[in-house]
Every structure is written in C-alpha cells, then in structure tokens.
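Just so you know, the sequence shown maps onto residues 1 to 176 in the UniProt record's numbering.
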Amino acid sequence: MDGAQIVKLERELLRKIEFFQKFNDDELDKLLSEESFFSFYQTDEFIIREGDSNNCCLFVLIGGEARVTKLDELGQAQEVGTLPQGAIFGEMSFITRQKRFSSVLAATDCTVLKVDPQALESMDSNIHILIQQELIRLLVLRLDQSNTRQARKDLVNQELVSSIRQMHKRLDGPGL
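Right, dumping it as structure tokens:
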C-alpha cells in the first residue's frame, strides 16, 4: 500500500466518526499530516492516566472499546463508564491543559487518533475552528445528558421523600 492509499484509508476511517463529518478531504488530510497520529493499545493498557499533566492530547477512538476509571478515596480504580468506537475523549485536559481527571484503559485492543494541542495551534485556522466547534457541540451534548440524568435522579429523590412522608403520616396517624 502506498502513501496515498494509506491517507485515503485513514480519511475513510475518520469520515465514519460524527466528530469529523463537517471536515472536507483537504482538512482531514492536513489533520492527518500534522502531529496527529494513530496509536495502538492492547486490552487493559492505559491510554490516559488520571493525574497525568504531561499529556494533553485529544483522543478519537477509531477502533475498539475503552473503559473510564476514577480513583476513589482509597486510591482504588472504579469504573465509571465505557467508550464505544467513535468516542472522543481527553477533551477537558486538551482545552484546559490541566491534569487528567480520570483514566482511560483499552477494554479491547484499540486504535486511537491523538491530536496534539500544540500541533493544532499551527494548523490551518479552518481546522482549528472546526475542532473547536465540534468540541463545543460535544460538551453541550454531554452537559445536556448530565442535566437529564440529574433531573431523573431529582425526580426519584422527590418520589422517595414523598413516600417516606406518607409512611411517616400513617405511622403517626390515629390510634398510635
């Protein structure tokens, strides 16, 4: 396979991921030619480690599945979620340049695209803007999902409180 065929294959892989739907071929080729590169991880290998401040790359899960863990108060890793093929992760540290908030491990053998923040700064402004727009869209979507989950929890809590009050009234009712 020659270089042009490899670039075409890589471009086709990215086309399947929603995050890159608005990118044209030229923009995808420029993104792939920069400091972005594909990395391969075996099952249970760390892609990101919680607390790491040296790696602020943005990751795109091209193939495989990953799991997200967070250290509890005893320092034990607790699984908090899974990431399917096509998932974008590492966006918080990519944007803020702060330490990683959680770890991501390969749940299966994985292929990821890493986008280096310094490389992004030197890229064509259209690519920079597209990535920013997609990150904003992604973060708004995640915030909306989080708000929906919280609203459901609040509703369940209200129902529990109401049930407890009703039980309390019955116990304190006439004849006691």
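Using N, Cα and C, we set each Cβ at its ideal position, and we do this for glycine too.
Leaving aside the five residues before and after residue i along the sequence, list all residues of the same chain whose C-beta is less than 7 Å from its C-beta, in chain order.
| i | result |
| --- | --- |
| D154 | none |
| residue 235 | Any answer about residue 235 is impossible in this case: the structure gives the chain only from 1 up to 176. |
| L9 | none |
Helix, strand or coil for residue i per DSSP?
| i | result |
| --- | --- |
| S102 | coil |
| Q78 | strand |
| I164 | helix |
| T148 | helix |
| I48 | strand |
| residue 178 | Outside the shown range of the chain, which is 1 to 176, sits residue 178, and nothing can be said about it. |
| S53 | coil |
Comparing alpha-carbon positions, which option in the options lies nearest residue i?
| i | options | result |
| --- | --- | --- |
| S53 | P117, T69, R100 | R100 |
| V68 | S146, V156, A87, I131 | A87 |
| D26 | L143, V140, N126 | N126 |
| K16 | R165, V156, V60, C110 | V60 |
| F23 | L130, C110, A4 | L130 |
Do residue j and residue i have their beta-carbon atoms positioned less than 7 Å apart in this structure?
| i | j | result |
| --- | --- | --- |
| I47 | V104 | yes |
| V112 | S39 | yes |
| F20 | L14 | yes |
| R49 | L28 | no |
| T108 | G64 | yes |
| L83 | A106 | no |
For residue i, report the span of its alpha helix (DSSP H) as first-last.
| i | result |
| --- | --- |
| L31 | 25 to 33 |
| T69 | First-last for T69: 66 to 71, but that is the beta strand (DSSP E), not the alpha helix (DSSP H). |
| S93 | 91 to 96 |
Please go through the same chain and pick out, in chain order, the residues whose beta-carbon is closer than 8 Å to the beta-carbon of residue i, but skip the five residues on each side of it.
| i | result |
| --- | --- |
| T96 | none |
| D124 | E27, K30 |
At which residues does the beta strand (DSSP E) containing residue i begin and terminate?
| i | result |
| --- | --- |
| T111 | 110 to 115 |
| G86 | Here G86 belongs to no beta strand (DSSP E), and DSSP marks it neither H nor E. |
Could you pull out every residue in the same chain whose Cβ sits closer than 6 Å to the Cβ of residue i, ignoring the five residues on either side in sequence?
| i | result |
| --- | --- |
| L176 | Because L176 carries a pLDDT of 48, less than 50, the predicted location of this residue cannot be relied on, and no value is offered for it. |
| C56 | S93, F94, R97, P117 |
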